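To start, the structure itself, in structure tokens.
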Amino acid sequence: MTWSEELASSENRHIQQMLRNTGKMPRHVAIIMDGNGRWAQERGRLRIDGHKEGMESVRAAVKTSSQLGIKYLTLYAFSIENWKRPVPEVRFLMSLLESYLRKEVDELHDNGVRIKTIGKTNALPKAVQRVLQEAINRTSMNEGLTLTLALSYGSRWDILRAMQVLAMDIRRGTLSPEDLTEEMVSSYLQTSFMPDPDLIIRTSGEVRLSNFLLWEAAYSELYITEGLWPDFRSAELYRALTDYVMRERRFGKISAQVRSDSSATTTSTLERILNALK
Ligand code: FPP
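Under my numbering, the final residue of the sequence shown carries the number 305; numbering is consecutive throughout.
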């Protein structure tokens with residue numbers, strides 16, 4: 028059964044329908060998945076158990092985003108700074124990633140998910156690089172959700188790398204500094220295939236971007252929740268999306284310029300969604 032067939036018979040159908048009916052759903056959601064270690068610690072368990080449980084939340088986020096028709100989901104799975112963690116934990120995260128891709132690529136493919144990555148992926152173990160490349164190739168023509176895994180990723184690393192390529196183009200004479208635009212800078216980044224994130228979610232209550240999508244986040248809405256990543260399942264994602272669709276995005280304009288006639292209807296719909304989640 029595909030995820031959309033499953034949805035037809037589930038109680039989430041109404042909530043998803045209500046969210047979609049607002050007409051304000053984000054095109055791109057990016058998530059800083061934080062708090063796996065604390066989740067395990069609170070239960071007197073090993074950190075790796077937190078990562079295993081966090082994997083279930085990854086599955087829920089991918090499936091729910093796909094069912095909702097969100098076009099881009101970007102997950103901060105391993106930062107360039109995460110290499111500094113103890114070797115056994117890094118090894119475990121790499122094997123988790125490898126087994127996720129091996130086991131689930133069929134299901135992801137059957138549900139129209141296109142897999143992409145950003146980050147210094149040539150630093151990943153060779154076996155992970157291979158399985159990742161296979162998954163990317165296999166799903167490259169899919170037109171549903173684009174699932175981007177940020178792996179060995181750091182935004183400053185990407186910006187620096189982009190600036191080096193850009194400077195070389197200037198030296199070669201294929202680009203002149205006075206012609207440079209914001210769009211051109213974006214086109215040099217690894218994230219050039221995706222729109223800027225509309226919504227960035229961070230779990231575990233930390234209020235920072237931690238080197239994630241710094242250029243791309245200029246106008247993103249931020250949603251920070253105290254909950255830890257392993258507890259962030261579909262209901263939490265609906266809550267974050269409800270919070271997002273209730274916000275007014277002004278992009279520097281004033282409220283009267285952006286307010287739509289549908290605001291009143293939207294608010295009453297959203298109150299119903301929040302009640303359904305209680
Ligand atoms: C942050 O929690 C989480 C990570 C560094 C890794 C996230 C990885 C997963 C959820 C599983 C693998 C994902 C994929 C897509 C295959 P933390 O360890 O920093 O928690 P803490 O701050 O409580 O210590």
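All residues carry an ideal CB built from backbone N, CA and C; glycine is no exception. Keep in mind the model is a prediction, meaning the values are calculated, not measured.
At a threshold of 6 Å, does HIS78 count as lining the ligand FPP (C-beta to nearest heavy atom)?
HIS78 has its CB nearer than 6 Å to a heavy atom of the ligand FPP.
With 16 other Cβ atoms within 10 Å as the buried cut-off, status of ALA283
Exposed, because fewer than 16 other Cβ atoms sit within 10 Å of the Cβ of ALA283.
Continuous beta strand (DSSP E) assignments of at least 3 residues falling wholly in the stretch 35-92
The qualifying runs are 55-59.
For LEU95 and MET52, which I take to be in contact (beta-carbon distance under 8 Å), what is that distance rounded to the nearest angstrom?
LEU95 to MET52, Cβ: 7 Å. Contact.
Figure out for me which residue from LEU193, GLY181, LEU297, PRO224 has the closest Cα to the Cα of ALA104.
It is GLY181 whose Cα lies nearest to the Cα of ALA104.
Look at GLY62 and THR269 and say whether their C-beta atoms are less than 7 Å apart.
Their beta carbons are not under 7 Å apart, which means GLY62 does not touch THR269 by this criterion.
Of the residues LEU301, PRO224, THR252, the one placed nearest ARG276, counting alpha carbons only:
Nearest C-alpha to ARG276: PRO224.
What is the DSSP secondary structure of ALA244, counted as helix, strand or coil?
Judged by DSSP in its simplified three-state form, ALA244 adopts coil rather than helix or strand.
Please tell me whether PRO257 and SER126 are closer than 7 Å, where the distance is taken between their beta carbons.
Contact flag unset, no.
Rounded to the nearest angstrom, what separates LEU135 and GLN43 at their Cα positions?
Rounded to the nearest angstrom, the two C-alpha atoms are 20 Å apart.
Is there at least one non-hydrogen atom of the ligand FPP closer than 6 Å to the beta-carbon of ALA87?
Checking the Cβ of ALA87 against the ligand FPP gives no.
Between MET273, PRO222, VAL89, MET195, which lies nearest to LEU301 when the distance is taken from Cα to Cα?
Looking at the Cα atoms, MET273 is the closest of the given residues.
For ARG276, name the three-state secondary structure that DSSP assigns.
The answer is coil: DSSP assigns ARG276 none of H, G, I, E or B.
Hey, is the stretch 146-164 in contact with the stretch 175-194, meaning 3+ C-beta pairs nearer than 8 Å?
Touching, per the Cβ criterion.
Among the candidates SER37, THR49, ILE58, MET28, whose CA atom is the shortest distance from the CA of LEU236?
In this structure, ILE58 is the residue among SER37, THR49, ILE58, MET28 with its C-alpha nearest to the C-alpha of LEU236.
Label ASN164 either buried or exposed according to how many other C-beta atoms from any shown protein chain fall within 10 Å of its C-beta, with 16 as the threshold for buried.
Answer is exposed; the Cβ neighbour count stays below 16.
Around the Cβ of THR29, are there at least 16 other Cβ atoms within 10 angstroms (buried) or fewer (exposed)?
Residue environment: THR29 is assigned as exposed (fewer than 16 neighbouring CB atoms within 10 Å of its CB, all protein chains considered).
Please classify MET190 as buried or exposed, where buried requires at least 16 neighbouring CB atoms within 10 angstroms.
Classification of MET190: exposed, given that the 10 Å Cβ count is below 16.
Does DSSP classify LEU174 as helix, strand or coil?
Here DSSP, grouped into helix, strand and coil, assigns LEU174 to strand.
Thinking C-alpha only, which one of THR49, GLU38, LEU34 is nearest THR296?
The shortest C-alpha separation from THR296 is found at THR49.
Under 6 Å: does the beta carbon of GLY146 sit that close to some heavy atom of the ligand FPP?
No, Cβ of GLY146 sits at least 6 Å from all heavy atoms of the ligand FPP.
According to DSSP, which residues form a beta bridge with SER106?
The bridge partners DSSP lists for SER106 are TYR180.
Going by other Cβ atoms of all chains shown within 10 Å of its Cβ, with 16 needed for buried, is VAL56 buried or exposed?
Label assigned to VAL56: buried.
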